[in-house]
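**Q** In the working numbering, each residue carries its 1-based index in the sequence shown increased by 5.
Ideal Cβ positions, reconstructed from N, Cα and C, are used throughout, including at glycine.
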Amino acid sequence: MDVVHMGYLSSCLPIKVQVPSLRNLVKNTLCATFMSALIAQTALAQENATLPNPSTAQRPWQVCNETSFILNIATASVNAQNPSSAIIARGWENLGAGKCLTMDVAKGTPRYVYARSSNIHQGGIREWKGRHPFCVAPMKKNFTAKTDQSCDAQDMRSADFLRVVPTEERTAFVEPANYGKRAQTAGLQRLLLDNNYSIKRVDGREGRRTSNTLNAFLKAEKLSSNLSLEAKLEALKQKAIKKQIDIGLTICNTAKSQIWSAVAYKEKHHWEARGWWPIKPNNCVRPYAGSLKGQQLHVYARLEVEGQTDRILALHATPTEESSNAKSSTKAFCISEASFSAVAHEFCQDQGYVSARFKAMPNIQTGATISLGDIDFKKRATNGLR
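Shown next, in the form of structure tokens:
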């Protein structure tokens, strides 16, 4: 329409005429009529633009899972019924691969979101995060966190949320593979892997290998192949939950004060060290959810001592280690006092880390539980940490 208007306008521009003629009078009359109509049309459009249009109104905010993992979602926003209220963090919403959730937030107000993979998956917890800290309760099924109180005061920990543009209607969590509409199939493949079935790769493609492997699972569990896809996914999920009891590393605290734990493990072609997992007395955490069989898993831990420097986990050899040389069962990794995830372990200080020796874990079975008490820690802490 604009191009047409400009075309007409160019023919109506003032021109110099020496002698009035009927042709000029007709042209000027037509131009005046056209300009009046155009002005009226523009005014009407501007008036309509100020009126609410149901077809262009902002739709509810959706959070979508385009990963191969089941995600636990937490959001931080104001109360939908009271947009002037303070921001509150809430969780957890379970979101299956390929699914979306509509979030109850007031339109045009600040909102933040954080996601972590469900602990039913092998290989540890993955996070999708940003740079805005809010309190969360990792061990609780549901939580509500205030922003005017510290996380410690609410018996919670801090997590970094992603800030979402208030006008954004759809926020999607993705993986580097970018499954998109194939996310649900990728999620099925991931759950087959979590149940220790052989899947060459998680790619979200419905191939013969995936179909045959799924049928093998259904047959082993005495389930009908005519079940709906949702029912098959639920069966895979429930079986994976049962398997997680016997897989991974669980650390329990039998000491008198809090322990901070970290793990290091081989991830494809590199080593990754991650921390910290706080463990209160008489509590346990599961910092590594993958199978220990054949995995080179190492552990580091600090014990809080009131009024003193933290004590660190002793590195003596375990009874199951074949060698009596304690040094051969340890390995140095980069760590920091704050939460960290380090993948390079040379020149730690150049990266803002400090070097610490981790203790190797037995890798004969798929899972293990270790209990750490006061006697397992020596007095001196790693240089560079409190």
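(1) Comparing alpha-carbon positions, which option in Ala240, Arg214 and Arg213 lies nearest Glu226?
(2) For the ligand PLP, any of its heavy atoms closer than 7 Å to the Cβ of Val169?
(3) May I ask you to report which of helix, strand or coil DSSP gives Gln194?
(4) Taking only the alpha-carbon atoms, compute the straight-line gap between Ile93 and Gln154 and give it to the nearest angstrom.
(5) Can you find the residues in the same chain that come closer than 7 Å, C-beta to C-beta, to Arg28, ignoring five residues on each side of it along the sequence?
(6) Quick check: the segment 199-219 against the segment 253-269, are there 3 or more CB pairs under 8 Å?
(7) With a threshold of 16 other CB atoms inside 10 Å of the CB of Ser341, please say whether the residue is buried or exposed.
(8) Pick out the complete beta strand (DSSP E) segments inside the segment 54-138, 3 residues or longer, and give them in chain order.
(9) Assuming contact is defined by CB atoms lying nearer than 8 Å, are Ile252 and Gly372 in contact in what I supplied?
(10) In this structure, does DSSP put Leu248 in helix, strand or coil?
(11) Skipping 5 residues on each side, what residues in its chain have a beta carbon closer than 7 Å to that of Gly185?
(12) Examine the Cβ distances between the segment 270-290 and the segment 344-356 and report whether three or more of them are shorter than 8 Å.
(13) Thinking C-beta only, is Ala79 closer than 8 Å to Val2?
(14) Excluding sequence positions up to five away, which residues of its chain have a Cβ less than 6 Å from the Cβ of Gly129?
(15) Who are Cys140's beta bridge partners in DSSP?
(16) Consult DSSP for Phe222 and reduce its assignment to one of helix, strand or coil.
(17) Is the separation between the beta-carbon of His137 and that of Phe178 shorter than 8 Å?
(18) For Cys339, write down the residues that DSSP places opposite it in a beta bridge.
(19) Is DSSP giving Thr152 helix, strand or coil here?
(20) Could you name the residues of the same chain whose beta carbon sits closer than 6 Å to that of Ala365, not counting the 5 residues immediately before and after it, in chain order?
(21) Which residue marks the beginning of the beta strand (DSSP E) containing Arg279, and which one marks its end?
(22) My output table needs one value for Ser262: the three-state DSSP class, helix, strand or coil.
(23) How about Asn124 and Arg291: are their beta carbons less than 8 Å apart?
(24) Please go through the same chain and pick out, in chain order, the residues whose beta-carbon is closer than 7 Å to the beta-carbon of Asp381, but skip the five residues on each side of it.
(25) Counting C-beta neighbours from all protein chains within 10 Å, is the total for Met144 16 or more, i.e. buried, or is it exposed?
(26) What is the DSSP secondary structure of Arg213, counted as helix, strand or coil?
(27) Could you spell out where the beta strand (DSSP E) holding Arg206 opens and where it closes?
(28) Could you tell me which residues DSSP puts in a beta bridge with His303?
(29) Can you tell me where the beta strand (DSSP E) with Gly312 in it begins and where it stops?
(30) Is the CB-CB distance between Trp265 and Ser344 below 8 Å?
(31) Which of the three DSSP states is assigned to Lys145 in this structure?
(32) On the CB-based measure, 16 or more other CB atoms within 10 Å of its CB, does Arg64 come out buried or exposed?
(33) Restricting to Cα atoms, I'd like to know which of Ala269, Lys248 and Pro283 is closest to Gln263.
(34) Who are the near neighbours of Arg121 in its chain, counting only those whose CB is closer than 6 Å to its CB and skipping five residues on each side?
(35) Taking just the CA atoms, how far does Ser296 sit from Glu309?
(36) Quick one: give me the first and last residue of the beta strand (DSSP E) that Gly372 is part of.
**A** A quick look at the data gives this:
(1) Nearest option by C-alpha distance: Ala240.
(2) The ligand PLP is not part of this structure, which contains no ligands at all.
(3) Secondary structure at Gln194: helix, using DSSP grouped into helix, strand and coil.
(4) Ile93 and Gln154 have their C-alpha atoms spaced approximately 11 Å apart.
(5) Because Arg28 carries a pLDDT of 47, less than 50, the predicted location of this residue cannot be relied on, and no value is offered for it.
(6) no
(7) buried
(8) List check, beta strand (DSSP E) in window: 66-70, 76-82, 93-100, 105-108 and 116-122.
(9) Judged by beta-carbon spacing, Gly372 lies within the 8 Å limit of Ile252, meaning their Cβ atoms are closer than that value.
(10) The sequence given here places Lys at residue 248; Leu does not occur at that position. Reduced to three states, the DSSP call for Lys248 is helix.
(11) Glu71
(12) yes
(13) With the chain running from 6 to 391 in the structure shown, residue 2 is simply not present.
(14) Tyr293 and Ala294
(15) Ser163
(16) helix
(17) Not closer than 8 Å, so no.
(18) Ser360
(19) The answer is coil: DSSP assigns Thr152 none of H, G, I, E or B.
(20) His303 and Ser334
(21) His275 to Ile284
(22) coil
(23) yes
(24) Leu318 and Ala319
(25) So Met144 counts as exposed.
(26) Helix, per DSSP.
(27) Here Arg206 belongs to no beta strand (DSSP E), and DSSP marks it neither H nor E.
(28) Ala269 and Ala365
(29) Here Gly312 belongs to no beta strand (DSSP E), and DSSP marks it neither H nor E.
(30) no
(31) coil
(32) exposed
(33) Pro283
(34) Here the set comprises Asn77, Ile130 and Glu132.
(35) The straight-line gap from Cα to Cα measures roughly 29 Å.
(36) Gly372 to Leu377
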